Amino acid sequence: MAKRGGGFPGGMPGNMGNLMKQAQKMQRQMEEASKELEEKEVTAAAGGGAVEVTVSGKKEVTKVKIDPEAVDPDDVEMLEDMIMAATNEALRQIEEYSQQSMSKITGGMGGLGGGFPF
Numbered sequence: 034m035a036k037r038g039g040g041f042p043g044g045m046p047g048n049m050g051n052l053m054k055q056a057q058k059m060q061r062q063m064e065e066a067s068k069e070l071e072e073k074e075v076t077a078a079a080g081g082g083a084v085e086v087t088v089s090g091k092k093e094v095t096k097v098k099i100d101p102e103a104v105d106p107d108d109v110e111m112l113e114d115m116i117m118a119a120t121n122e123a124l125r126q127i128e129e130y131s132q133q134s135m136s137k138i139t140g141g142m143g144g145l146g147g148g149f150p151f
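Be aware that the sequence shown starts at 34, since it is given in the working numbering, and climbs by one per residue.
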């Protein structure tokens, strides 16, 4: 008579242990990638380089550089648009870098976590 009880048929406990080790390794890699991302900075320009904005991996603006030639008191709106465009591009680049870094770890399993509880 076959013994009925808990556990998984076909050796699943061993596979589950390997899965847990892989999950822990992935979690460590994600933590390392997050730390690396925090130290990353990207700079984007607008207006042919008249405005440059640098954004950190924490998605914080760390530097704004404006060419004095871009400052026209009669056209402040143009300067505002250039700052906004450069900032948005820098944020887009840092987000893209973040997604690429995490995708390398998760194997493209749907972004951070990939549905896993970590």
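Note that CB positions come from ideal geometry on N, CA and C, so glycine has one too. These numbers were taken from a predicted model, which means no experiment stands behind them.
Check: Are the CB atoms of valine 75 and isoleucine 116 within a distance shorter than 8 Å?; Outcome: no
Check: Which residue or residues does DSSP assign as beta-bridge partners of lysine 98?; Outcome: Glu85
Check: Tell me whether the beta-carbon of glutamate 72 lies closer than 8 Å to the beta-carbon of alanine 78.; Outcome: no
Check: CB-CB under 6 Å to threonine 120, same chain, minus the five flanking residues each way: which ones, in chain order?; Outcome: Val86
Check: For valine 97, I'd like the list of residues in its chain whose CB is within less than 6 Å of its CB, leaving aside the five on either flank, ordered along the chain.; Outcome: Val86
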